[in-house]
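Visitor:
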Amino acid sequence: MSTRKHTALPKAQILIEALPWLTRHHGKTVVIKFGGNAMVDEGLKAAFAQDVVFLRQSGLKPVVVHGGGPQISKQLDKHGLVSEFKAGLRVTTPEAMDVVRMVLAGQVQRELVGLLNQHGPLAVGMTGEDAHTITAIQHRPEIDGELVDIGRVGQITAIDPGAIKALLDDGRIPVISSIARSQDDGHVYNVNADTAAAALAAALGAETLMVLTDVEGLYEDWPNSDDVISRLAASQLETLLPELSSGMVPKMEGCLFAVRNGVNTARVIDGRVQHSILLEIFTDEGIGTMVVPDGPHVSDGQGGAR
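If you're matching positions, the sequence shown starts at 1 in the numbering used here and goes up one per residue.
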């Protein structure tokens, strides 16, 4: 009996360590952008689903937003369509948009909903088209001083969070594909999932935005050092933005937008680490880079650990 007590004690201590965070985050909305390796590795996918369900069962309100770059490229290749990128964005012809829509809403989202629903009748899939959740106009990036037409790539103009809130109030986990309805031309648009997650987090008044990536966080002096910046204020991030690698820009711009529009913290975390979401939310360490609003009176959601 004493041996059994002894082996169970560390489990109890782990649960107790999580208590302040469980209390602080209870009833709060957490928007999680699902991407990178976590999206293609079977073990990481299963761990991600467990983490999201754990948040839900712990009294939080998780919302999942996803893209699907690798899956889209693979399917375009199958259809004999070329994957072309300009200004870091996928050139999306009408034919490519059909594939994007099919892959995001019919494949990636379905798989994720299925993984979450292994744990109960929880997840409901939707796209930004549903109930006018995400509205966009055509985005024309500037390259060499000229605005360039890259097809059905959208720039978000409005968010209507009503359907998501209704699902959350019903105890469900919304899983949202980053496709938007058009504001002005009847088309649908492919929207960057990092940008969509940040816009949704702001519109939902989320406690935190979490962006899964394939790096440990934001590096202090890459490539000379792999020290990760554990915490920075919005104005510090704004200063750093021009120096960042192109892949990190939409993620960090999303974090900046979120904390400047009412979200308490935004975090970039390493999706290659199993259960990274739980480690970030429920432990003292935190494993990524956390962005907070400017000002001295910010609650960091980490109990002052950072």
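Quick reminder that beta carbons are idealized off the backbone N, C-alpha and C, glycines included. All of these numbers come straight from a predicted model, not from anything done at the bench.
1. Helix, strand or coil, according to DSSP, for H66 in the structure here?
2. Hey, out of E220, F48, M39, E42, whose CA is closest to E280's CA?
3. When DSSP labels each residue in this structure, what does K11 get in the three-state scheme?
4. Out of G59, V52, P121, which has the shortest C-alpha to C-alpha gap to T23?
5. Applying the criterion that 16 or more other CB atoms from any shown protein chain within 10 Å of the CB defines a buried residue, is A8 buried or exposed?
6. So for N261, helix, strand or coil by DSSP?
7. Look up V124 in the DSSP assignment and give the residues it is bridged to.
8. Excluding the five sequence neighbours on either side, which residues of its own chain have a C-beta within less than 8 Å of the C-beta of R172, listed in chain order?
9. Grab the span of the beta strand (DSSP E) containing S182 for me, first residue to last.
10. Output yes or no for whether 7 Å exceeds the beta carbon distance between R260 and A234.
11. Would you mind reading off the limits of the alpha helix (DSSP H) that contains Q107?
12. Start and end of the beta strand (DSSP E) containing I277?
13. Give me whichever residues DSSP pairs with T289 in a beta bridge.
14. Whole angstroms are fine: how far does the CA of G151 sit from the CA of T309?
15. Is the beta carbon of R267 sitting closer than 7 Å to the one on M290?
16. Would you say D98 faces chain B, with C-beta separation under 7 Å as the test?
17. Just tell me which of T93, A198, V64, L104 has its CA closest to the CA of P70.
Guide: Taking the coordinates as given:
1. Within the sequence shown, numbered from 1, the residue matching residue 66 stands at position 66. Three-state DSSP puts H66 in a strand.
2. For this step, residue 280 is matched to residue 280 along the sequence shown. Comparing Cα positions, the closest option is F48.
3. One-based indexing of the sequence shown puts residue 11 at position 11. Correct three-state label for K11: helix.
4. The sequence position of residue 23 within the sequence shown is 23, counting from 1. Ranking G59, V52, P121 by Cα distance to T23 puts G59 first.
5. In the sequence shown, counting from the first residue as 1, residue 8 sits at position 8. It counts as exposed.
6. Locating residue 261 in the sequence shown gives position 261, where the first residue counts as 1. N261: coil per DSSP, three-state reduction.
7. Locating residue 124 in the sequence shown gives position 124, where the first residue counts as 1. V124 pairs with P174.
8. Here residue 172 is taken as the residue at index 172 of the sequence shown, counted from 1. L122, A123, V124, listed in sequence order.
9. Taking the first residue of the sequence shown as position 1, residue 182 is located at position 182. Start and end: 179-182.
10. The count along the sequence shown starts at 1 and reaches residue 260 at position 260. The count along the sequence shown starts at 1 and reaches residue 234 at position 234. Yes, the Cβ-Cβ distance between R260 and A234 is below 7 Å.
11. The residue given as residue 107 occupies position 107 in the sequence shown. Q107 -> no alpha helix (DSSP H), and no H or E assigned at all.
12. For the purposes of this step, residue 277 is taken as the residue at position 277 of the sequence shown. Counting along the chain, I277 falls outside any beta strand (DSSP E), though it belongs to the alpha helix (DSSP H) covering 276-282.
13. For the purposes of this step, residue 289 is identified with residue 289 of the sequence shown, where counting begins at 1. According to DSSP, which records beta bridges pairwise, T289 is partnered with V268.
14. Residue 309 lies beyond the range of the chain shown here (1 to 306); nothing can be said about it.
15. Counting from one through the sequence shown, the residue named residue 267 turns up at place 267. Counting from one through the sequence shown, the residue named residue 290 turns up at place 290. In contact: R267 and M290 (Cβ atoms closer than 7 Å).
16. Annotation note: the requested chain B is absent from the structure, which comprises a single protein chain.
17. Counting from 1 along the sequence shown, the entry for residue 70 is found at position 70. Selected option, being the one with the closest Cα: L104.
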